[in-house]
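Have a look at the structure below, then the notes.
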Amino acid sequence: MTKMYFTSESVTSGHPDKICDLIADSILDAALEQDPEAHMAVEATIKDDLILVYGEAGTAASLDYEAIAKSVLREIGYDEEYHVITKVTIQSPEIRDAVAHGEVSAGDQGIMFGFASDETPELMPFAICQAHKLAAKLEEVRRSDCRLRPDGKTQVTAEYEDGKLKRIDAVVVSTQHTPDITQEELRELILEKVIRPVTDPGLIDSETKFLINPSGSFIVGGSWGDSGTTGRKIVVDSYGGYAPIGGGCFSSKDPTKVDRSAAYYARYVCRNLVANGLAHKAQIQLSYAIGEPEPVSVNVSSFGTSDYTDDELSEIVRKNFNFSVANIIRELDLCRPIYRKTTNYGHFGKKDLPWEQFRKIEL
1 MTKMYFTSES VTSGHPDKIC DLIADSILDA ALEQDPEAHM AVEATIKDDL
51 ILVYGEAGTA ASLDYEAIAK SVLREIGYDE EYHVITKVTI QSPEIRDAVA
101 HGEVSAGDQG IMFGFASDET PELMPFAICQ AHKLAAKLEE VRRSDCRLRP
151 DGKTQVTAEY EDGKLKRIDA VVVSTQHTPD ITQEELRELI LEKVIRPVTD
201 PGLIDSETKF LINPSGSFIV GGSWGDSGTT GRKIVVDSYG GYAPIGGGCF
251 SSKDPTKVDR SAAYYARYVC RNLVANGLAH KAQIQLSYAI GEPEPVSVNV
301 SSFGTSDYTD DELSEIVRKN FNFSVANIIR ELDLCRPIYR KTTNYGHFGK
351 KDLPWEQFRK IEL
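Positions 1 to 363 (our numbering) are the ones given, in order, by the sequence shown.
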């Protein structure tokens with residue numbers, strides 16, 4: 001029998017990179033609430049008490065960038081005073097004209113990947129799915145236990161045997177905390193309140209390793225312990241490294257940016273190939289050119305898990321799905337303020353998002 005170990009990680013909303021992702025997506029949602037046609041690419045960087053909000057905006061919306069950024073920090077649970085510097089300019093007219101001439105077109109070139117697997121109910125790879133559950137549970141627990149603070153990370157190593165999930169080999173949880181909790185108390189709290197409630201006991205055995213705050217004390221966190229920038233957690237946001245990722249991040253970008261919208265549609269297609277029983281595992285690569293309404297290429301693979309060849313699956317996909325930028329935005333109804341929902345614990349596998357909905361595929 002062939003063994004394989006695969007590891008994925010997640011982070012909480014208080015991680016400095018995720019702070020910046022949430023600022024960016026909060027700005028995007030605020031723009032779309034006022035102007036559904038807003039073209040936004042406004043990002044953030046944070047270090048200590050300084051927040052830099054910067055980028056391009058093409059919108060009629062009136063936005064208080066400083067107020068939005070500070071509101072996000074308070075919402076997450078940081079009560080320090082922050083200073084905000086804003087540098088937002090109007091979107092380049094060359095980009096605007098490339099996107100808006102005639103039919104809506106891609107706002108940039110790029111490659112995007114979609115993936116789905118039936119090894120979890122969410123049709124996601126197990127390790128990233130479990131890491132997100134742990135991170136979300138850690139956030140839930142820390143909001144009711146004042147000894148825990150917002151910054152945290154999780155990591156899960158899954159063991160496979162002949163390609164099938166067998167067990168969890170290791171779980172890592174690192175959480176920021178106050179000085180008045182011992183490492184022994186912390187370990188017991190995380191084991192009983194975070195790990196066990198969201199972990200299938202059938203996947204844990206006597207050899208499973210639990211590493212809780214392996215570095216020891218973690219009192220200084222968030223922007224005071226590290227810097228953060230929008231778009232640095234693209235592996236966490238997608239498939240945990242189990243599938244390829246495209247060249248761009250998701251957060252901050254309006255739906256004309258195919259880095260985001262086409263990646264969502266690619267997931268939608270793969271999810272429905274698996275949900276319709278056409279494959280146990282499916283992956284799609286898309287590519288676009290700036291100013292072009294249709295993809296340059298579409299590549300479909302089932303890794304030999306389908307009764308259909310990849311060429312046959314490609315024909316099924318082309319028959320059922322329209323990859324034009326205009327259709328992606330229209331079909332998934334993407335000009336809405338829905339992006340804050342995506343920021344934390346993965347952009348895929350959440351049942352209420354439009355690209356996670358079931359669609360019957362016609363053969």
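Yeah, the Cβ is synthetic: ideal placement off N, Cα and C, and Gly gets one too.
Check: Of the residues D307, D259, N276, the one placed nearest Q285, counting alpha carbons only; Outcome: D259
Check: A44 and A69 closer than 9 Å at C-beta; Outcome: yes
Check: Check whether L63 and A41 have beta carbons under 9 Å apart; Outcome: no
Check: In DSSP terms, what V156 is bridged to; Outcome: S8, V171
Check: Host alpha helix (DSSP H) of H132 (start-end); Outcome: 126-142
Check: Cα-Cα separation, S13 to T120; Outcome: 24 Å
Check: Straight-line gap, L273 to V84 (C-alpha atoms, nearest Å); Outcome: 45 Å
Check: Presumed contact (8 Å Cβ cut-off) between Y345 and T157, rounded CB distance; Outcome: Not a contact, Cβ separation roughly 19 Å.
Check: Bounding residues of the alpha helix (DSSP H) (the contiguous stretch that carries L22); Outcome: 16-34
Check: V172 versus I19: straight-line alpha-carbon distance, rounded; Outcome: 21 Å
Check: Buried or exposed (CB count within 10 angstroms, at least 16 for buried), C146; Outcome: exposed
Check: Whole-Å CB distance - K233 paired with V11, under 8 Å assumed; Outcome: 6 Å
Check: Segment contact flag, the segment 304-319 with the segment 76-91, C-beta cutoff 8 Å, min 3 pairs; Outcome: no
Check: Unbroken beta strand (DSSP E) run spanning K47, endpoints; Outcome: 39-47
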